[in-house]
Ligand code: PMP
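In the UniProt record's numbering, the protein residues as written are 1 to 392.
Below you can see the structure in the form of structure tokens.
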């Protein structure tokens with residue numbers, strides 16, 4: 001009815017493929033969801049308590065636009081300690097409303113209309129729309145399980161034009177769980193230096209790296225000056241609902257992001273910032289505890305997929321397994337819909353993350369071991385049933 005008021009930008013924006021799937025699952029009872037991309041843990045009590053205390057003490061006003069200085073100092077210390085990277089808390093650290101806002105600000109601060117941003121796919125569903133909303137043009141590079149979903153330098157070089165501004169990377173990756181190790185990052189860095197490109201690196205799953213220490217591309221030689229780091233508290237600290245993240249980068253870029261932030265958002269939630277301060281100061285044992293659980297679940301679910309006959313590469317981080325379902329003969333959407341209706345297990349069809357995700361499903365293992373075991377039992381049944389009807 002009120003359609004005529006809508007902007008063409010809003011009209012052209014496609015609804016998220018993940019949402020459509022959740023709407024299907026929402027009306028059903030007894031569904032085990034391996035669909036959602038968020039921790040099953042509740043934020044640790046000491047973090048919640050610190051926020052409650054801040055309210056009791058009357059911290060209910062706006063904070064400084066870039067965030068509480070003590071929090072920015074802790075964030076700066078975190079990157080100095082973990083990655084030997086130095087960011088000035090006064091001008092190179094910005095506290096954002098989740099990593100989501102950090103990504104949006106980074107893109108809006110650097111992309112002119114018509115400029116291109118290279119995105120490694122399969123990728124998190126927000127990247128393409130966020131680039132488009134800024135007037136930019138996303139240029140996807142598709143990667144496959146055969147190369148562990150790592151982009152090659154040649155593929156990136158090939159995608160660069162005279163309109164390319166930046167490359168977006170995500171490690172550990174949603175949806176594949178792939179961790180870009182030092183040598184993969186160096187390949188990307190070499191092209192970015194050669195072609196004078198910026199890198200926007202989404203490190204939201206950095207604390208959920210299981211097999212090796214996470215490397216930030218910003219820490220490679222000559223990269224700090226051309227990298228915007230996006231990170232946050234949602235995943236590692238199990239704080240999705242708090243909506244708190246941060247961005248780090250060279251001061252001229254961070255100051256441009258701050259300008260947009262102060263006009264559009266003022267500042268991130270004061271209460272959440274007090275919790276985040278406690279998280280960085282005293283939350284590390286809980287992070288290690290959750291990481292240990294995710295790692296155990298990852299090993300279990302990947303082994304189970306392999307035993308079912310689905311090939312599944314070992315994801316080095318995040319909390320997603322991305323098995324291939326090509327051997328079933330179903331498309332990703334068919335597989336996910338049938339599995340939901342026949343066995344009441346919700347997974348996300350891989351094609352929503354880009355064409356190279358077709359033939360895969362994304363299964364989040366941020367669920368209790370009991371839930372995972374039941375989901376595996378149901379999937380085994382599903383695979384066994386369909387393999388007798390349609391030989392793989
Ligand atoms: N980046 C990636 C890769 C994600 O998976 C998510 C959450 N699903 C985000 C960013 C957004 O995180 P936040 O809750 O901090 O906005």
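Where a beta carbon is used, it is the ideal one built from N, C-alpha and C, also for glycine. Predicted, not measured: the structure shown is a model, and the values here were computed from it.
Are residue i and residue j closer than 7 Å when you measure CB to CB?
i, j, result
"residue 195", "residue 229", "no"
"residue 111", "residue 168", "no"
"residue 378", "residue 345", "yes"
"residue 188", "residue 201", "no"
"residue 332", "residue 361", "yes"
"residue 215", "residue 182", "yes"
"residue 326", "residue 359", "yes"
"residue 107", "residue 134", "yes"
"residue 125", "residue 166", "no"
"residue 244", "residue 213", "no"
"residue 78", "residue 87", "no"
"residue 322", "residue 176", "yes"
"residue 91", "residue 211", "no"
"residue 317", "residue 219", "no"
"residue 375", "residue 34", "yes"
"residue 352", "residue 18", "yes"
"residue 145", "residue 313", "yes"
"residue 334", "residue 382", "no"
"residue 44", "residue 286", "yes"
"residue 324", "residue 311", "yes"
"residue 204", "residue 99", "yes"
By alpha-carbon positions, which one of the options ends up nearest to residue i?
i, options, result
"residue 76", "212, 325, 281", "281"
"residue 369", "40, 10, 26, 5", "40"
"residue 309", "319, 328, 318", "328"
"residue 82", "320, 206, 290", "206"
"residue 222", "208, 198, 290", "198"
"residue 24", "353, 380, 338, 367", "338"
"residue 97", "286, 264, 296", "264"
"residue 184", "204, 208, 155", "155"
"residue 93", "67, 211, 2", "67"
"residue 364", "272, 299, 387, 385", "299"
"residue 278", "237, 251, 164, 311", "237"
"residue 372", "241, 315, 297", "297"
"residue 170", "330, 115, 231, 13", "231"
"residue 367", "319, 351, 311, 341", "319"
"residue 123", "384, 375, 354", "354"
"residue 266", "62, 56, 43", "62"
"residue 132", "386, 287, 270, 10", "10"
"residue 272", "241, 334, 314, 261", "241"
"residue 69", "95, 51, 233, 178", "95"
"residue 121", "257, 249, 142", "142"
"residue 51", "27, 274, 293", "274"
"residue 72", "109, 249, 4, 164", "249"
Under 6 Å from any heavy atom of ligand 1, does the C-beta of residue i make it?
i, result
"residue 407", "Outside the shown range of the chain (1 to 392) lies residue 407, about which nothing can therefore be said."
Could you check what DSSP says for residue i in three-state terms: helix, strand or coil?
i, result
"residue 92", "coil"
"residue 391", "Model confidence at residue 391 stands at a pLDDT of 47, short of 50, so the residue's coordinates are unreliable; what they give is reported in the following sentence. In the structure shown, residue 391 sits in coil (DSSP, three-state: anything other than H, G, I, E or B)."
"residue 355", "helix"
"residue 141", "strand"
"residue 320", "strand"
"residue 33", "strand"
"residue 370", "helix"
"residue 248", "strand"
"residue 267", "coil"
"residue 346", "strand"
"residue 275", "helix"
"residue 206", "coil"
"residue 168", "strand"
"residue 81", "helix"
"residue 287", "helix"
"residue 198", "strand"
"residue 360", "strand"
"residue 57", "coil"
"residue 102", "helix"
"residue 116", "strand"
"residue 229", "strand"
Within 7 Å (strictly less), CB to CB, does residue i reach chain C?
i, result
"residue 317", "Here chain C cannot be found, since the structure has a single protein chain."
With distances taken from each beta carbon to the nearest heavy atom of ligand 1, which residues come in below 6 Å, in chain order? Counting every residue whose Cβ lies closer than 6 Å to a heavy atom of ligand 1, we get 37, 98, 99, 100, 124, 170, 174, 202, 204, 232, 234, 240, 245.
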